[in-house]
Ligand code: CP
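Numbering (this note's numbering), first residue to last: 148 to 462.
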């Protein structure tokens with residue numbers, strides 16, 4: 148693997164290899180007092196974040212450190228980006244300084260792809276840690292790892308993705324990854340929070356959450372991305388109040404009783420408790436939300452391994 152930019156077009160065999168590596172790493176490190184492997188000693192990993200993050204940035208940093216890489220965090224607000232430096236010049240600067248891998252989060256869809264073009268000559272690997280409303284591939288991989296752990300397999304499983312699909316890079320990455328691994332994906336959202344061209348995606352669409360819940364093996368609640376809803380823009384017309392959203396699409400205790408007993412509840416975080424998901428549901432045994440975060444470290448270790456250390460790295 149040379150870069151990880153998207154799950155759209157990602158070979159399902161390669162995705163499965165990443166999940167297998169993550170599972171192996173998790174078992175290797177389980178119960179160890181010192182969680183440090185020598186695999187990436189001497190390699191330099193830089194996180195370059197133009198948007199806020201807790202889970203993704205921290206878990207990439209931990210993943211790199213647990214594999215003995217040198218990890219450096221650059222946030223746009225405290226770098227020369229603040230003085231007007233372009234993304235291209237920033238990327239070339241990081242490569243010249245010795246980055247083997249740049250992990251980027253950026254508000255513009257396509258930013259990671261552009262970066263990979265600029266860094267091709269330097270041979271620096273690029274990981275997309277979320278680009279606008281486009282993709283967040285490591286989130287989908289950690290979601291898949293969590294689902295595989297809980298459900299055993301993807302074949303014939305029905306996964307509901309609920310809420311603000313329009314603005315969600317998490318939804319887009321999960322749609323492509325989960326369907327390529329054999330699951331059936333159902334989007335549950337109001338028409339105004341679905342993207343144009345949804346008919347061309349490998350999904351079925353519903354607007355009625357109660358009707359879908361009894362047939363789901365897992366339900367993934369999405370964050371409502373108010374920061375991407377501009378006045379009069381797409382999605383805004385549906386969003387008069389948190390209360391209305393919660394009544395129509397929130398996962399509350401009543402709705403949770405409609406799910407099969409084995410069903411798994413996911414949320415990529417950060418979650419708006421009481422609106423997207425009730426606390427009683429988020430903290431219930433059916434919820435795998437904490438496990439998603441835990442698996443995020445192992446999945447990101449696996450991604451770094453396949454990019455920088457495996458036989459297929461930079462192939
Ligand atoms: N799920 C996710 O991307 O969370 P952060 O924004 O905290 O990284």
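All C-beta atoms, glycine included, are put in the ideal place defined by N, C-alpha and C.
- Within 10 angstroms of the beta-carbon of residue 306 lie 16 or more other beta-carbons, which makes it buried.
- Collapsing the DSSP output to three states places residue 174 in a helix.
- Unbroken alpha helix (DSSP H) runs of no fewer than 4 residues, entirely contained in the segment 330 to 413, are found at 356 to 359, 389 to 396 and 400 to 403, following chain order.
- Any heavy atom of the ligand CP counts here; residues with a Cβ closer than 7 Å to one of them, in chain order, are 199, 200, 201, 202, 203, 204, 277, 283, 286, 317, 415, 416 and 417.
- Considering only 412, 443, 417 and 442, the residue with the shortest C-alpha distance to residue 430 is 412.
- In the structure shown, residue 278 adopts extended strand secondary structure according to DSSP, grouped into three states.
- Between the alpha carbons of residue 148 and residue 189 lies a distance of about 19 Å.
- Per DSSP, reduced to three states, the secondary structure at residue 295 is helical.
- The count of Cβ pairs closer than 8 Å, one atom from the segment 288 to 302 and one from the segment 257 to 266, stays below three, leaving the stretches out of contact.
- Residue 215 is not a Cβ neighbour of residue 176, given a cutoff of 7 Å.
- Taking a cut-off of 8 Å for Cβ pairs, the segment 195 to 209 and the segment 349 to 365 do not touch, as fewer than three such pairs fall below it.
- Inclusion of residue 287 and residue 154 in the CB contact set at 7 Å is warranted, their separation being smaller than that value.
- Here the segment 221 to 238 makes no contact with the segment 300 to 315; the two share fewer than three CB pairs at distances below 8 Å.
- As the crow flies, the alpha-carbon of residue 302 is around 24 Å from that of residue 432.
- A residue is called buried once 16 or more other Cβ atoms fall within 10 Å of its Cβ, and residue 337 is buried on that count.
- Each residue's CA atom was taken as its position, placing residue 233 and residue 395 some 42 Å apart.
- Counting the other Cβ atoms within 10 Å of the Cβ of residue 247 gives 16 or more, which makes it buried.
- DSSP places residue 199 outside any beta strand (DSSP E), giving it a letter other than H or E.
- DSSP places residue 222 in the uninterrupted beta strand (DSSP E) bounded by 217 to 222.
- Two segments are said to touch when three or more pairs of C-beta atoms, one from each, lie closer than 8 Å; by this definition the segment 199 to 216 does not touch the segment 319 to 335.
- DSSP places residue 316 within a helical segment (H, G or I) once states are collapsed to three.
- Within the model, the alpha-carbon separation for residue 210 versus residue 427 is close to 31 Å.
- In the DSSP assignment, residue 445 falls outside any beta strand (DSSP E) and lies within the alpha helix (DSSP H) extending over 436 to 455.
- Where residue 428 is concerned, the enclosing alpha helix (DSSP H) starts and stops at 426 to 429.
- In terms of CA proximity to residue 340, 319 leads the group 325, 319 and 256.
- A distance below 6 Å between beta-carbons, with the five flanking residues on each side excluded, links residue 325 to the following residues of its chain, in chain order: 306 and 332.
- In terms of Cβ geometry, residue 304 and residue 276 do not form a close pair [threshold 7 Å].
- The secondary-structure analysis by DSSP pairs residue 253 across a beta bridge with 278.
- Under the three-state reduction of DSSP, residue 271 is assigned to coil, being neither helix nor strand.
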